[in-house]
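Right, one structure below, let's go through it.
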Amino acid sequence: MAALLLLLCHSFIQTFSQFTTTEQDIYINSQQKLVDSLFQKYDAKVSPVSTKTNLSTMGSPENRFNITAFLYYLKLVEVSEPEERVSFVVEILTYWYDPRLRWNPKDHDDIEYVYVSEDRIWIPPVQPFGTSDYQEFVEAPNRQICLSSDSRTRGYIAARIATVCPMNIEDFPFDTQTCQIRLTSPYFTIDEIKLFGEVYSAIKEHSILSTVGNSEWRVVSLSDKIELFQYNDSFFSIELIIFEIKIQRNPVYYVYMILIPSFIINAVSIIGVFLRESDLMSRLNVGLTNIMTMTFILGVMADKIPKTPTIPLLGIYIIINLVIMIVAILLMTRYDSLRRWLTRPAANFAQERQPLLFLSAVRKHRGMANRDALIAEEGNPAVEQVIYKKNDEKINFELEPKTIGLTKEQLEKYRNDPFWKPVRTVLFVLFWLIWLAMFAGAVAIVVLSPKCAEKQKPDWWQTKVSYQVLTPTFHDTDNDGVGDFKGITEKIDMLRKIGVTTVYPTPVIEIQKDEYFNSYDVTNHMEVDRRFGTEDDFKELIETAHNRDMFVVIDMPVSSVSLNHSWFRDRNEEMFVTARPSDVGYNSTNFHNFANGVKYLGYPTAANPVLNWNSPKVVHSINDAILKFLLLGVDGFHIDHVSQLAVGPNGQPDHDAAIRVLKNITTTIRNFIGSHETLSEKKIVLFSSLRDIEGLHSVARETGELHYVIDNTFAKLSQETCKEGVAHCVHSALDAAYKRHEADDYTPYWQFSNSENSRLATRFDAPTAHLLSFLQLTLPGALSMYYGQELGLKDVGNPRTQRGIMQWTPTKEDHHGFLSEAKDIGQLFFAENDEADQEDNFETQFQQENSQLKVYRKLAKLRQRDEALIVGETVRDTLIDDVILFSRFVKAENNTAKGSAYVAVLNFGEKDFDIDFTTEDTKRLIPANKFLNNVEISATTTGLKTYTPRQKINLVDEKLTIPPKQGVLFKF
């Protein structure tokens, strides 16, 4: 009975699956027919806006083309008050009617709407007006447009908009600002189009508005309106869609950090100024300290707000505090004089004047200040008499010693006074609390104040020149015909001289004996391949590199092994992805016979069984291998075929599961590094390649698991595949790469040649190959050079192969210096160049002034020295005929350059080309603070004779002439 139920269930599932598939196929076919019919005669370059209007109806809404902008999401990102600039992230739907895109749903399987790529239809040019910055998040080719059967068309805009927002600071910090996002369609007149704006009602609700602000500002209201923008001469008028956003400041920070502390400081300072127990200078110091504090607060506040003629409320408050303190100081310093003046006797003032003057002279003559102090110190003030005589009159003055403040006896009366004792205690505690608060505030200001802008410091792998070598064909030190680890160690100083910073030997881990190059034919993850040397030899290579501030990265095969691996020979089924006859993928072509009716998954071919990462044994074994090589000193791992870390029942990649496995690997590495003191400061790089599945790599990069992905697009280009010319081919490849890197936000890593494709100088003629290497060395990000690429080496042998031996010296018995000494070892295992060219070797080119190797060296060194080439942004390349131009510089404000700026000019054509840098296409490459009359040549290709490095040229008075298949890099 159970078997019958299972059979019925299986039958139902199959029927349902067939039905669903059939319905889906019908829908797709109907949709395709609909789209084909819509676009059969449709021209996206022609606008549906009517320009045929009569004067009587011109400008009426019913005769104009209607465009609606619907704001359905907004987020406040940044408020820069000194610059009066506010940035928002917005999502806007645009609606319009295109009568050419109308259909009857009944004729097309009741399809009411379809989605098509934006580049297929005409889009009304709705764009920001009066903004300081505008950045769309989704490139046009990646956006979808919804077409409805009634000809209504819906577009989508997601962007960051920085708009100028004039600040009214009168009520600062209790202020509310009104900012506007303005959109328009500038290409059409107000007689031809009508604009409508609308804010989605849901985001106007308080619960939503409270989430779209930030910690300092909250959005209090959103509204929309249409305004007419017209110049005074009425020559030009456009309609503006205005989304008005009111934002209100949260004043808590300013209340607790400025208002309350300044009030307390001022109140305590006033008490201190009028405290009679203190001497005059102490009270004066209290007042002056308060004034300096208030002035400092004013300065801090002034940096926070725009420089407008309006004095903000907080500024008025601080100024009032200043005025109060200044008045208090004046009153304090003149208090005694004022008191005596107010209490002077009303008797004959004139008659008293002479005795007073006489008294003053007496005091001054005798130095009463010193005497008074002495008398007070003795505690026995004596009364001194002074007699003033005039005519028959005689006046006796009794002079008493003058004391400063209260005497000791007077103070004793207040020591235990029930009123003054708690007052003194409170003031003492309050003083220290205020002092501690001021000290904490000073520390907070130092810690929280913006730091000086530091130079950008990318991670070591982001800008380095990596050099991939095939271990068996690089250099042989024991003369057995096979290159070894010691051979790489022996040549590492030569690599360092030409600017190499990362050595990438492959293979390193033990592979099967009849294979020398395929690192995926691994037979033991825990051992180095002894044909290339011992583990100590490999460790010596790493230490030698580290002593020269260089890095070593290796391949770590984590997805598949060789058929000769012990796991496979022992038929250890648990270790591999397998399928049984009842499984879905059993009959798939990527599954191959294993044992006992079981099949294994092979990738990329049957020679590489795919590992089962659901097995704890696989996980532990691979992790142990990674950790071992980390302890040996390896700086990074190439983890390829990431998609095979997890597969579905049919053997197809499971992207989400593969990312989880990758994350487990990287977490293990991270935890291991953190737990070892010798590795805790080390940054390990993980990278992969686009030759696997591109979409998966994007996800891996977004999750932070891969540091970069090798872009090997150029390794597949050739003269034959570039049908429209090399320049167009290169431009398209660069354009696609830029978009990919910008969308996925990972460091570009350029590879133009590798061990799996023909060498660059074989796929292209020699000058073009050299020009492409020149291009590679000037692009942003990191790059990987394949050994011999710097010399312009070609494929060798018969049949031709890109895996020939490295050519260190001219042809001799040591086989181009591949062997450590001249020795007859018979026929080499690997192919060798048999051409008579004596310049295609490292030794000869290193001695020449402008050889390919020297050009490579110059550019590689330049990438390490100049910030513009290390972290500078790239102004996207411009294609003019067969010439590619782009610039590199660190961007500052207003399209200026910080430091040097470089421009690369590459002529892939067959004739000389003159470049005029005063045209619009070329002027955009030049930063605003750089001038064409002061240009210096930095590097040129080998065949360029008209310009030399460090030559000064004036591009205002003359054009830059580039011969065919040559390039130049110049700087400002």
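Mind the numbering: the sequence shown is residues -17 to -1, 1 to 955 in mature numbering (1 follows the signal peptide of the UniProt record, and there is no 0), read in order.
Just so it is clear, CB atoms sit at the ideal spot from N, CA and C, and this is done for glycine as well.
Applying the criterion that 16 or more other CB atoms from any shown protein chain within 10 Å of the CB defines a buried residue, is Arg846 buried or exposed? As a first step, residue 846 is located in the sequence shown; it is residue number 863 there, counting from the start. It is buried - the Cβ of Arg846 has at least 16 other Cβ atoms within 10 Å.
Alpha carbon of His210 to alpha carbon of Gln110, nearest angstrom: As a position in the sequence shown, residue 210 is number 227, starting the count at 1. As a position in the sequence shown, residue 110 is number 127, starting the count at 1. At residue 210 the sequence reads Glu, which differs from the His that was named. A direct Cα-to-Cα measurement between Glu210 and Gln110 gives close to 15 Å.
Starting from Ile605, trace the alpha helix (DSSP H) both ways and give me its first and last residue. One-based indexing of the sequence shown puts residue 605 at position 622. Per DSSP, the continuous alpha helix (DSSP H) segment holding Ile605 begins and ends at Pro599 to Leu615.
In this structure, what does DSSP give as the bridge partners for Gly180? Along the sequence shown, read from residue 1 onward, the residue named residue 180 stands at position 197. Ala52.
Per DSSP, what kind of secondary structure is Pro731 in: helix, strand or coil? The sequence position of residue 731 within the sequence shown is 748, counting from 1. If DSSP states are grouped into helix, strand and coil, Pro731 belongs with the strands.
Using 8 Å for Cβ pairs, my map puts Leu852 next to Arg871. What's the rounded Cβ distance? The sequence position of residue 852 within the sequence shown is 869, counting from 1. The sequence position of residue 871 within the sequence shown is 888, counting from 1. Rounded to whole angstroms, the Cβ separation of Leu852 and Arg871 is 6 Å, and the two are in contact under 8 Å.
Mind checking who Phe896 pairs with in its DSSP beta bridge? Within the sequence shown, the letter at position 913 stands for residue 896. Ile945.
Which of helix, strand or coil DSSP assigns to Pro234: The count along the sequence shown starts at 1 and reaches residue 234 at position 251. Pro234 falls in the coil class under three-state DSSP.
N- and C-terminal bounds of the beta strand (DSSP E) containing Ala884: Here residue 884 corresponds to residue number 901 of the sequence shown, with the count starting at 1. Its beta strand (DSSP E) spans residues Ala880 to Asn890.
Length of the line joining the Cα atoms of Asn912 and Lys874: Here residue 912 refers to the residue found at position 929 of the sequence shown. Here residue 874 refers to the residue found at position 891 of the sequence shown. Cα-Cα distance, rounded: 11 Å.
So, Phe457 versus Asp520, is the Cβ gap smaller than 7 Å? Translated into positions along the sequence shown, residue 457 becomes position 474. Translated into positions along the sequence shown, residue 520 becomes position 537. The beta carbons of Phe457 and Asp520 sit no closer together than 7 Å.
Would you mind working out which of Pro82, Tyr78, Asp8 and Glu64 sits nearest Lys24, comparing C-alpha positions? As a position in the sequence shown, residue 24 is number 41, starting the count at 1. Of the listed residues, the one whose Cα sits closest to Lys24 is Pro82.
Just mark Ala27 as buried or exposed, buried being the case when its beta carbon has 16 or more other beta carbons within 10 Å. Looking up residue 27 in the sequence shown gives position 44. Result: exposed.
Return the CA-CA distance between Asp90 and Arg103, expressed in angstroms with no decimal places. Locating residue 90 in the sequence shown gives position 107, counting from the first residue. Locating residue 103 in the sequence shown gives position 120, counting from the first residue. Roughly 22 Å separates the two Cα atoms.
CA nearest to the CA of Lys722, picked from Asn125, Thr136 and Ser198: As a working mapping, residue 722 is identified with position 739 in the sequence shown. Checked all of Asn125, Thr136 and Ser198; the closest Cα to Lys722 is Asn125.
By a C-beta neighbour count over all protein chains shown, 10 Å radius and 16 as the cutoff for buried, is Pro169 buried or exposed? For the purposes of this step, residue 169 is taken as residue 186 along the sequence shown, with counting starting at 1. Classification for Pro169: exposed.
Could you compute how far the alpha carbon of Glu498 sits from the alpha carbon of Tyr770? Translated into positions along the sequence shown, residue 498 becomes position 515. Translated into positions along the sequence shown, residue 770 becomes position 787. Between the alpha carbons of Glu498 and Tyr770 lies a gap of roughly 20 Å.
Simplified DSSP assignment, three categories, for Ala814: Reading the sequence shown from its first residue, position 831 is the one you call residue 814. Three-state result, Ala814: coil.
Identify whether Gln334 lies in helix, strand or coil by the three-state DSSP scheme. Within the sequence shown, residue 334 is the residue found at index 351, counting from 1. At Gln334 the pLDDT is 49, less than 50, meaning the model places this residue with poor confidence and gives no usable figure here.
For Val202, does the three-state DSSP call read helix, strand or coil? Numbered from 1 along the sequence shown, position 219 holds the residue referred to as residue 202. DSSP, reduced to helix, strand and coil, places Val202 within a strand of the structure shown.
Figure out for me which residue from Leu17, Pro488 and Asp463 has the closest Cα to the Cα of Lys474. Residue mapping note: residue 474 aligns to position 491 of the sequence shown, counting from 1. Nearest option by C-alpha distance: Pro488.
Taking the straight line between their C-alpha atoms, what separation do you get for Ala719 and Ile164? Position 736 of the sequence shown holds residue 719. Position 181 of the sequence shown holds residue 164. Those two C-alpha atoms are separated by around 32 Å.
For Pro750, is the classification buried or exposed, using 16 other Cβ atoms within 10 angstroms of its Cβ as the cut-off for buried? The residue given as residue 750 occupies position 767 in the sequence shown. Pro750 is buried by the Cβ-count criterion.
Can you tell me whether Trp403 is buried or exposed? The criterion is at least 16 other CB atoms within 10 Å of its CB, across all chains shown. Your numbering for residue 403 matches position 420 in the sequence shown. An exposed status is given to Trp403, since fewer than 16 other beta-carbon atoms sit within 10 Å of its beta-carbon.
From the DSSP output, read off the bridge partner residues of Asp538. Within the sequence shown, the letter at position 555 stands for residue 538. Asp538 pairs with His621.
Euclidean distance between Cα positions of Val62 and Ile280: Counted from its first residue, the sequence shown places residue 62 at position 79. Counted from its first residue, the sequence shown places residue 280 at position 297. The straight-line gap from Cα to Cα measures roughly 21 Å.
Are the C-beta of Glu473 and some C-beta of chain B separated by less than 7 Å? The chain labelled as chain B is not found in the depicted structure, where only one protein chain is given.
Helix, strand or coil at Trp550 [DSSP, three-state]: The residue given as residue 550 occupies position 567 in the sequence shown. Three-state DSSP puts Trp550 in a helix.
Quick one: is His753 buried, meaning 16 or more other Cβ sit within 10 Å of its Cβ, or exposed? One-based indexing of the sequence shown puts residue 753 at position 770. Its Cβ being crowded by 16 or more others within 10 Å, His753 is buried.
Can you find at least 3 beta carbon pairs, one from the segment 264 to 282 and one from the segment 224 to 233, that sit closer than 8 Å? Not touching, per the Cβ criterion.
Is Phe515 buried or exposed, if buried means 16 or more other CB atoms sit within 10 Å of its CB? Residue numbering aside, residue 515 sits at position 532 when the sequence shown is read from its first letter. Only buried fits Phe515, as 16 or more other CB atoms lie within 10 angstroms of its CB.
Given 8 Å as the limit, is there contact between the segment 773 to 780 and the segment 796 to 808, that is, 3 or more CB pairs closer than that? No: the two stretches stay apart, fewer than three of their Cβ pairs being nearer than 8 Å.
On a CA-only basis, which of Ala608, Thr925, Gly464 and Thr650 is nearest Gln810? Give me that one, please. Indexing the sequence shown from 1 puts residue 810 at position 827. Of all alpha-carbon atoms in Ala608, Thr925, Gly464 and Thr650, the one lying nearest the alpha-carbon of Gln810 is that of Gly464.
Candidates Glu773, Pro910, Asn917 and Asn654: which alpha carbon is nearest residue 971's? No statement about residue 971 is possible, as the shown extent of the chain runs from -17 to 955 and does not include it.
Could you give the residue range of the beta strand (DSSP E) that holds Thr572? As a first step, residue 572 is located in the sequence shown; it is residue number 589 there, counting from the start. In the DSSP assignment, Thr572 falls outside any beta strand (DSSP E) and carries neither an H nor an E.
So what's Tyr300 in DSSP terms, helix, strand or just coil? Within the sequence shown, the letter at position 317 stands for residue 300. Three-state result, Tyr300: helix.
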